[in-house]
Every structure is written in C-alpha cells, then in structure tokens.
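K.L.:
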Amino acid sequence: MNMPDVPLMSMLRERMSWLESRQNVLSQNVANADTPGFIARDLVPQDFESLLKGSGPSPFHITLAGSDAHHIGVTSSTNDYSSRETPDVEQSLNGNSVSLEQEMIKVSDTQAQFQAATNLYSKALSMMRTALGKSGP
Amino acid sequence: MDFNTSMMIAASGLRTQSERMKTITENIANASSTSQVAGGDPYRRKVATIHSNFHRDLNATLVEAGNPSPDLSDFRKQYDPGNPAADKTGYVKMPNVNSLIEIMDMREAQRSYEADLTVMDSTKSMLARTIDLLRR
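Chains A and B are the protein sequences, given in the same order.
Going by the numbering used here, the first residue of the first sequence is number 491, and it counts up by one from there.
Going by the numbering used here, the first residue of the second sequence is number 1497, and it counts up by one from there.
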C-alpha cells in the first residue's frame, strides 16, 4: 500500500488536480477577456459521490498488465476534466462574454479551495505521523 | 506541470495588453501630427486587434495581438491658413484620433492587465502552497 492508495490522500490529490485544471481554464478566460467572440468556459463541478467511488479500490478498475515492474503503467487518474461554455451575465458588442469581475471571484474561490485542500493534506500527513508515534509539527 | 500552463496563459495576456498599450500610446502621441506636405493626409489612427489562438503544446487557448489595422474614419478639418500643411482653402487635415476614446481604451487595457496579474499572483501562491507541503 503506497501513499496514493490512502483514500483521503487520493481524494485530496484528485481535488488539487481538479483545482489546478480549473485555474488553467480561468486564466484562459481572463487572458481572452478582450478577444472578440470568445465565450467563457468553466469546468464541470466535481461530484462528491463519484469522487468517493473513484477513490476506493474498485472491482471494475482495469489497468494494463506489465511483464516487468519497471514498465510504465497507465495511471487511473487523468487530468482531463471536461469543461463547458459558461457565458457570463454580460456580453459585449464584439461577442465576448467574459466578465472580469466574475472571473476574479472564481479565481480567488479556486485559490481558497486549493488552500483548504493543501491544509487538509498536511493535516492528514501529521495525523499519520502521530500514528507512527512521532510528535507532530 | 499545469500551473506553469496557467502562468504561460496569463503571460500571453500580459504581452497582448502591453502590445495594445503600445498602439494606444502611438495614437495619443500622434494626436496632432499633420502631414509634411501641403494638403496631404495626416497620421491615421490605428486600432489594436486581439485574437486567440490554440496552442497545441499547452493544450490551451492563448491570446495574441494581431497587426494594428488602420481606422478608416474621416479626418478632422481645422481652419489654419498659416500652417504649412494647409491646403489651398486654408484647411488642415488633423488625425482622426479622439483622445477621449484613447483614454477609455487605455483604461480597459490597464484593467485587463491587472486581471492577468491577479491570476498570475493567485497561481503563484497556489504553487507555493504545494511546495510548502514538503516542509511539514
């Protein structure tokens, strides 16, 4: 059993990588805030239930068999989160639908969520350290 | 690393806005540049163009500034017979630059630039947080 197999850890890792992807999408929106015809995008929100199901050892989880331990396997977690077009409330005359205020709110929200995830991650680590019998930080 | 992609996207935004700022500055600086010859055309206002292009490597939509296109609206005419650029009737063609419009454009570019900087800051702090996990 390695670290990523701990459900809590893998969930947090999944969450962090989702937030990372979201930051990516949001920065595309902000950069294209003046591009004519650009429509704002956002990631589809994470589903807690599927996250729970996805993190545990699933009987349907199939990976490629390798003949050697050193072979690079196909990892179960992919960074492909689906995004969809989410036009902001206002649309300018050139067809651009990015509202900078809206995007700024989303960016700071993502940052706060990421902060929460990293704090939880380090908390989980210190809990493990406690279980190991060493004093926490 | 995905955070680097976010940084690159924000950087492309910064680059584009500063390019746009350059065009606006050019317009403001040349707001009263008349022709060198009598009756000739003065400075023609340029319009900054912005378009997005898909970067295959980063798998993201970056933004870039296109070539500035000329503003084809009419020139202003000012009666000033003593001016060397005046035509036979004594009128001087002045550039079609409206400083009010340029200032508004400048404000908009500044706002977008600030937004890009904010995204960069926020991405940077997220990256720092991740690295901080190593210290615990």
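By construction, the Cβ of each residue, glycine as well, lies at the ideal position given by its N, Cα and C atoms.
Do the region 1508–1519 of chain B and the region 1604–1624 of chain B make contact, defined as three or more Cβ pairs closer than 8 angstroms?
P.N.:
Yes, the region 1508–1519 of chain B is in contact with the region 1604–1624 of chain B.
K.L.:
Measure from the alpha carbon of Lys596/A to the alpha carbon of each residue in Pro577/A, Asp532/A and Gln605/A, then state which is nearest.
P.N.:
Along the first sequence, read from residue 1 onward, the residue named residue 596/A stands at position 106. The shortest Cα separation from Lys596/A among Pro577/A, Asp532/A and Gln605/A belongs to Asp532/A.
K.L.:
Which one or two residues does DSSP pair with Ser1548/B in a beta bridge?
P.N.:
Here residue 1548/B is taken as the residue at index 52 of the second sequence, counted from 1. Ser1548/B pairs with Val1559/B.
K.L.:
In angstroms with no decimal places, state the Cα-to-Cα distance between Ser1595/B and Ser572/A.
P.N.:
Here residue 1595/B is taken as the residue at index 99 of the second sequence, counted from 1. Here residue 572/A is taken as the residue at index 82 of the first sequence, counted from 1. Cα to Cα, the separation comes out at about 44 angstroms.
K.L.:
Run through chain B and tell me which residues come within less than 7 angstroms of Glu510/A, C-beta to C-beta.
P.N.:
Numbered from 1 along the first sequence, position 20 holds the residue referred to as residue 510/A. What Glu510/A touches in chain B: Asp1498 and Phe1499.
K.L.:
Would Pro1577/B be called buried (16 or more neighbouring beta carbons within 10 Å of its own) or exposed?
P.N.:
Position 81 of the second sequence holds residue 1577/B. The residue is exposed, with fewer than 16 neighbouring Cβ atoms inside 10 Å.
K.L.:
Please name the residue in Glu1610/B, Ile1597/B, Val1588/B and Leu1629/B whose C-alpha comes closest to that of Gln1532/B.
P.N.:
Within the second sequence, numbered from 1, the residue matching residue 1532/B stands at position 36. Comparing Cα-Cα distances from Gln1532/B to each of Glu1610/B, Ile1597/B, Val1588/B and Leu1629/B, the minimum goes to Val1588/B.
K.L.:
Mapping DSSP to helix, strand and coil, what is Arg505/A?
P.N.:
Translated into the one-based positions of the first sequence, residue 505/A becomes position 15. Here Arg505/A sits in helix by DSSP.
K.L.:
Could you compute how far the alpha carbon of Thr525/A sits from the alpha carbon of Ser587/A?
P.N.:
In the first sequence, counting from the first residue as 1, residue 525/A sits at position 35. In the first sequence, counting from the first residue as 1, residue 587/A sits at position 97. If I take the Cα positions, the gap works out to 9 angstroms.
K.L.:
Exposed or buried, which one is Thr1521/B when buried takes at least 16 other CB atoms within 10 Å?
P.N.:
For this step, residue 1521/B is matched to residue 25 along the second sequence. Exposed is the call here.
K.L.:
Can you give me the start and stop residues for the alpha helix (DSSP H) that Ser1603/B sits inside?
P.N.:
Residue mapping note: residue 1603/B aligns to position 107 of the second sequence, counting from 1. Correcting the residue identity first, residue 1603/B is Arg in this sequence and not Ser. From DSSP, the alpha helix (DSSP H) with Arg1603/B extends over Ser1595 to Asp1628.
K.L.:
Rounded to a whole number of angstroms, what is the C-alpha to C-alpha distance between Ala1624/B and Thr1545/B?
P.N.:
Residue numbering aside, residue 1624/B sits at position 128 when the second sequence is read from its first letter. Residue numbering aside, residue 1545/B sits at position 49 when the second sequence is read from its first letter. Going by the C-alpha atoms only, they are around 35 angstroms apart.
K.L.:
I'd like the list of long-range same chain contacts for Arg512/A, defined as Cβ closer than 7 angstroms, with 5 residues on each side in sequence excluded.
P.N.:
Within the first sequence, the letter at position 22 stands for residue 512/A. Excluding sequence neighbours, Arg512/A sits near Leu533 and Thr600.
K.L.:
Could you spell out where the alpha helix (DSSP H) holding Ser1531/B opens and where it closes?
P.N.:
Residue mapping note: residue 1531/B aligns to position 35 of the second sequence, counting from 1. Segment: none, Ser1531/B is in no alpha helix (DSSP H) and carries neither H nor E.
K.L.:
How far does the alpha helix (DSSP H) with Tyr611/A in it reach, from first residue to last?
P.N.:
To locate residue 611/A, count along the first sequence from 1; it is residue 121. Taken as a continuous stretch (DSSP letters only), the alpha helix (DSSP H) holding Tyr611/A covers Leu590 to Ala621.
K.L.:
Over what stretch of residues does the beta strand (DSSP E) that includes Leu1510/B continue unbroken?
P.N.:
One-based indexing of the second sequence puts residue 1510/B at position 14. Premise fails: Leu1510/B lies in the alpha helix (DSSP H), Asp1498 to Ala1525, not in any beta strand (DSSP E).
K.L.:
Rounded to the nearest angstrom, what separates Val1534/B and Thr1585/B at their Cα positions?
P.N.:
Start at 1 with the first residue of the second sequence, and residue 1534/B comes out as number 38. Start at 1 with the first residue of the second sequence, and residue 1585/B comes out as number 89. In the sequence as presented, Val is not what sits at residue 1534/B; that position holds Ala. Looking at the two C-alpha atoms, the distance is approximately 11 angstroms.
K.L.:
Suppose you measure from the CA of Thr576/A to the CA of Ser589/A; what does that come to, to the nearest Å?
P.N.:
For the purposes of this step, residue 576/A is identified with residue 86 of the first sequence, where counting begins at 1. For the purposes of this step, residue 589/A is identified with residue 99 of the first sequence, where counting begins at 1. C-alpha separation (whole angstroms): 11 angstroms.
K.L.:
Name the residues in the region 587–617 of chain A whose C-beta lies less than 8 angstroms from a C-beta of chain B; which are they?
P.N.:
So the list reads Leu590, Glu593, Met594, Val597, Ser598, Thr600, Gln601, Phe604, Gln605, Thr608, Tyr611, Ser612, Leu615 and Ser616, given in the order they occur along the chain.
K.L.:
Hey, would you say Asp1601/B sits closer than 8 angstroms to Phe1571/B, going by beta carbons?
P.N.:
Position 105 of the second sequence, counted from the start, is the residue given in the question as residue 1601/B. Position 75 of the second sequence, counted from the start, is the residue given in the question as residue 1571/B. In this structure, Phe1571/B does not lie closer than 8 angstroms to Asp1601/B by Cβ.
K.L.:
I'd like to check one pair, Leu1629/B with Ser612/A: are the Cβ atoms closer than 8 angstroms?
P.N.:
On the first sequence, position 122 is the one that residue 612/A refers to. On the second sequence, position 133 is the one that residue 1629/B refers to. The answer is yes: Cβ separation under 8 angstroms.
K.L.:
Determine which residues of the region 515–542 of chain A have a Cβ less than 8 angstroms from any Cβ of chain B, and write them out in chain order.
P.N.:
Listed by position, the residues of the region 515–542 of chain A near chain B (Cβ gap below 8 angstroms) are Leu516, Ser517, Gln518, Val520, Ala521, Asn522, Ala523, Asp524, Thr525, Pro526 and Phe528.
K.L.:
Measuring alpha carbon to alpha carbon, tell me which of Val1559/B, Arg1541/B, Tyr1539/B and Glu1515/B ends up nearest Ile1505/B.
P.N.:
Counting from 1 along the second sequence, the entry for residue 1505/B is found at position 9. Ranking Val1559/B, Arg1541/B, Tyr1539/B and Glu1515/B by Cα distance to Ile1505/B puts Val1559/B first.
K.L.:
Is Asn519/A near Asp1498/B, with beta carbons less than 8 angstroms apart?
P.N.:
As a working note, residue 519/A is residue 29 in the first sequence. As a working note, residue 1498/B is residue 2 in the second sequence. Contact: no.
K.L.:
Using 8 angstroms for Cβ pairs, my map puts Pro1591/B next to Tyr1539/B. What's the rounded Cβ distance?
P.N.:
Residue 1591/B sits at position 95 when you count from the first residue of the second sequence. Residue 1539/B sits at position 43 when you count from the first residue of the second sequence. Confirmed, Cβ separation roughly 4 angstroms.
K.L.:
Let me check understanding here. Comparing Cα to Cα, which of Met1622/B, Glu1610/B and Ser1529/B lies closest to Thr608/A?
P.N.:
Position 118 of the first sequence, counted from the first residue, corresponds to residue 608/A. Residue Met1622/B is the option with its Cα nearest to Thr608/A.
K.L.:
Using beta carbons (cut-off 8 angstroms, strictly below), is Leu1568/B in contact with chain A?
P.N.:
What you label residue 1568/B is simply residue 72 of the second sequence in a count that begins at 1. No, because no Cβ of chain A sits closer than 8 angstroms to the Cβ of Leu1568/B.
K.L.:
To the nearest angstrom, report how far apart Ser1569/B and Lys1542/B are at their CA atoms.
P.N.:
Position 73 of the second sequence holds residue 1569/B. Position 46 of the second sequence holds residue 1542/B. The alpha-carbon atoms of Ser1569/B and Lys1542/B are separated by roughly 11 angstroms.
K.L.:
On the CB-based measure, 16 or more other CB atoms within 10 Å of its CB, does Ala602/A come out buried or exposed?
P.N.:
Position 112 of the first sequence, counted from the start, is the residue given in the question as residue 602/A. By the neighbour-count rule (16 or more Cβ atoms within 10 Å), Ala602/A is not buried but exposed.
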